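Just so we're aligned: 124 in the UniProt record's numbering is position 124 of the sequence shown, and the numbers increase by one with no gaps anywhere.
C-beta: ideal position from N, C-alpha, C; glycine also.
Predicted model, so just to flag it, every value in this text is computed and none were measured.
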Amino acid sequence: MSPMPPVAMPPVAMPPVPMPRVLARVLRSRGGAAAVESAFVLPLVITLLLGVAEIGRIAWTGAALNYAVQEAARCASVRPGVCGTPQQITAYAAARVSQLKVPASAFTTAKLACGVQVQASLDYRFMAYKVFPTAPKLQARTCRP
């Protein structure tokens, strides 16, 4: 058996359809519903994921600042040859969080009744700063005899 040759069909002329019927058919159609639903939901999901990531980064940065402040105060009390001056203490603290690129000027020291107080203050900057325009100010403080 040989395949049948294609039969040429004359073009079918569509009768004009009134506009309300076309609009009703488009509104009943479910063809693009998934795309429209995704367009509504996707920005919310992306914002949620960025928010979770940023909260994790804030917690990590705050913990790193606390660690640097505690280590600098400990160095000032235990190793005065290495951390004897305020400049040495702030440089030591900045070196503890060098991966965050925190400048030494973010750290301050003071001699108080409790001992050597080391304090850090950092204006946090979000990765997605256009999504989250306001950022917290992270602070850490400790005093060690």
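Bridge partner(s) assigned by DSSP for residue 138: DSSP output for residue 138 lists 122 as bridge partner(s).
Complete runs of the alpha helix (DSSP H) confined to the stretch 66 to 109 [at least 4 residues]: The stretch 66 to 109 contains these whole alpha helix (DSSP H) runs: 86 to 96.
Inter-residue Cα distance where the pair is residue 99 and residue 75: Using only the alpha carbons, I get a separation of about 20 Å.
Close-in-space but distant-in-sequence residues of the same chain around residue 64 (CB under 7 Å, 5 per side omitted): When the five nearest sequence neighbours on each side are left out, the beta carbons in the same chain lying within less than 7 Å of the beta carbon of residue 64 are those of 97 and 100, in order along the chain.
Cβ-based burial, residue 87 [other Cβ within 10 Å; buried from 16]: Classification for residue 87: exposed.
Bridge-paired residues (DSSP) for residue 111: 116, per the DSSP bridge assignment.
CB of residue 128 within 7 Å of CB of residue 50, strictly: Contact flag set, yes.
Three-state class that DSSP yields for residue 25 in the structure shown: When DSSP states are grouped into helix, strand and coil, residue 25 belongs to the helix group.
Assigned secondary structure, residue 30 (DSSP; H/G/I helix, E/B strand, else coil): In the displayed model, residue 30 falls within coil according to three-state DSSP, outside both helix and strand.
Separation of residue 124 from residue 106, as counted between CA atoms: Those two C-alpha atoms are separated by around 12 Å.
Rounded separation between residue 66 and residue 82 - CA only: Spanning the alpha carbons of residue 66 and residue 82 requires a straight line of approximately 20 Å.
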